[in-house]
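Undergrad: So that we are looking at the same thing, I have put the structure below in structure tokens.
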Amino acid sequence: MVGYDPKADDRNISNLEVAVAGSVSGLVTRVLISPLDVIKIRFQLQIERLSRSDPNAKYHGILQAGRQILQEEGPTAFWKGHIPAQLLSIGYGAVQFLSFEVLTELVHRASVRDARDFSVHFLCGGLSACVATLAVHPVDVLRTRFAAQGEPRVYKTLRDAVVTMYRSEGPLVFYKGLNPTLIAIFPYAGFQFSIYSSLKRAYEWALPAEGKKNGNFKNLLCGSGAGVISKTLTYPLDLFKKRLQVGGFEQARASFGQVRSYKGLLDCAGQVLREEGAQGCFKGLSPSLLKAALSTGLVFFWYELFCNLFHSMRKADS
6 MVGYDPKADD RNISNLEVAV AGSVSGLVTR VLISPLDVIK IRFQLQIERL SRSDPNAKYH
66 GILQAGRQIL QEEGPTAFWK GHIPAQLLSI GYGAVQFLSF EVLTELVHRA SVRDARDFSV
126 HFLCGGLSAC VATLAVHPVD VLRTRFAAQG EPRVYKTLRD AVVTMYRSEG PLVFYKGLNP
186 TLIAIFPYAG FQFSIYSSLK RAYEWALPAE GKKNGNFKNL LCGSGAGVIS KTLTYPLDLF
246 KKRLQVGGFE QARASFGQVR SYKGLLDCAG QVLREEGAQG CFKGLSPSLL KAALSTGLVF
306 FWYELFCNLF HSMRKADS
């Protein structure tokens, strides 16, 4: 079980092992879902409608976008910004899962509520994600810039990007889009953890025998369901975040179509609604849901797998 469970207190693993399990789960998952992430970001940043009927639309579908990126930029384009993305996943996974385990245990020790309650997992999941976001947001901005740029590239290397961005836009550039990120990540992660735990309990109630035998499949399935539901509920804020993160970077996006400048979260939301309609807030939702299902399912799958592995190793040594 993800989070502190007083009934399973024999699963005694250290905070370091929790952090390692979170990091490895993020690393493996990031390698697998990077192509979908690149397509999702391209969709989110496109001003034109994602439709075949719009002659100015560069991208209008997942398969079409994948083929076009492959033809124009080569297969490595699907892993653009992969180094900062991996730093993001490793750091975020470690901080988030460690914070979540510590927070749920604190709730139990304080005897405020049952640490397994939906509300406790929602609150602790949201807070742990905010802590992780503050720790790794600069890397998220770098990842978005790399994934968003076309050819020729504006930034050649990670070091070049950091130096150029700092000199041309100042230190605050690394925290662009932080407000919508924090606003979005709290409910998104909160729903992820609470829905994941709820789906696992529902699975074990509906299929008690299967729940014990096929633990890995259960974790993957419930994680995927939690990812899809959470992403759908909070998606517009993720789109606003991406638009804000590429502010000041418009010249690198000219080849993709129209560009816009935004003064902040409310201005971004207002412009999107006026120019692109309510559906504009959900651009890139299809690859995002596919990515959310895969990434959340795999993250929880790998995390629980490594936690159980560490626990087995401790039992074997004792």
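So that you can map any letter, position 217 of the sequence shown is 222 in this note's numbering, and since no number is skipped, the others follow by simple counting. In this text, a Cβ means the ideal position worked out from N, Cα and C, and glycines have one as well.
#1: CB F105 to CB G8, shorter than 9 Å?
#2: Going by the CB atoms, is the gap between G98 and R1 shorter than 9 Å?
#3: Straight-line CA distance for G182 to A321?
#4: Would you say T109 and Q197 are within 9 Å of each other, going by their C-beta atoms?
#5: Is P80 buried or exposed, if buried means 16 or more other CB atoms sit within 10 Å of its CB?
#6: Check the C-beta distance from F191 over to C135 and give it rounded, since I have them as a contact under 8 Å.
#7: Whose C-alpha, out of R57, R319 and I67, is nearest the C-alpha of I46?
#8: For V4 and L225, I'd like the C-alpha separation in whole angstroms.
#9: Measure from the alpha carbon of R54 to the alpha carbon of each residue in E281, Q76 and T34, then state which is nearest.
#10: Less than 9 Å separating the beta-carbons of A152 and D243?
#11: With a threshold of 8 Å, are at least 3 pairs of Cβ atoms found where one atom belongs to the segment 297-313 and the other to the segment 219-233?
#12: Please classify Q284 as buried or exposed, where buried requires at least 16 neighbouring CB atoms within 10 angstroms.
#13: Please work out which residues of its chain come closer than 8 Å, Cβ to Cβ, to C312, disregarding the five sequence neighbours upstream and downstream, and give them in chain order.
#14: Kindly indicate which three-state DSSP category S300 falls into: helix, strand or coil?
#15: To test your reading of the DSSP string, which unbroken alpha helix (DSSP H) runs of 4 or more residues are found completely within the segment 264-300?
#16: What are the start and end residues of each continuous alpha helix (DSSP H) run of 4 or more residues lying completely inside the segment 127-178, in chain order?
#17: Hey, could you find the ends of the alpha helix (DSSP H) I52 is sitting in?
#18: Of all the alpha helix (DSSP H) runs that stay within the bounds of the segment 37-100, which reach a length of 4 or more residues?
#19: I'd like to check one pair, V112 with V125: are the Cβ atoms closer than 9 Å?
#20: Measuring alpha carbon to alpha carbon, tell me which residue in C129, Y64 and R118 is nearest F102.
#21: Candidates L37, E78 and V29: which alpha carbon is nearest K296's?
#22: From K236 to F127, what distance separates their C-alpha atoms?
#23: Within its chain, find whatever has a CB closer than 7 Å to the CB of T138; leave out the 5 residues flanking it on each side and keep chain order.
#24: Once DSSP output is grouped into helix, strand and coil, what is the label at G182?
#25: Helix, strand or coil for L226 per DSSP?
#26: Does M170 pass the burial test, meaning 16 or more other C-beta atoms within 10 Å, or should it be called exposed?
TA: Let me lay it out:
#1: yes
#2: Here the chain comprises residues numbered 6 to 323, so residue 1 is not present and cannot be evaluated.
#3: 47 Å
#4: no
#5: exposed
#6: 6 Å
#7: I67
#8: No answer is possible for residue 4: it lies beyond the span of the chain, which begins at 6 and ends at 323.
#9: E281
#10: no
#11: yes
#12: exposed
#13: R16, I18, E22, V23 and A26
#14: helix
#15: 270-281
#16: 163-174
#17: No alpha helix (DSSP H) holds I52; DSSP gives it neither H nor E.
#18: 67-78
#19: yes
#20: C129
#21: L37
#22: 14 Å
#23: T186, L187 and I190
#24: coil
#25: helix
#26: buried
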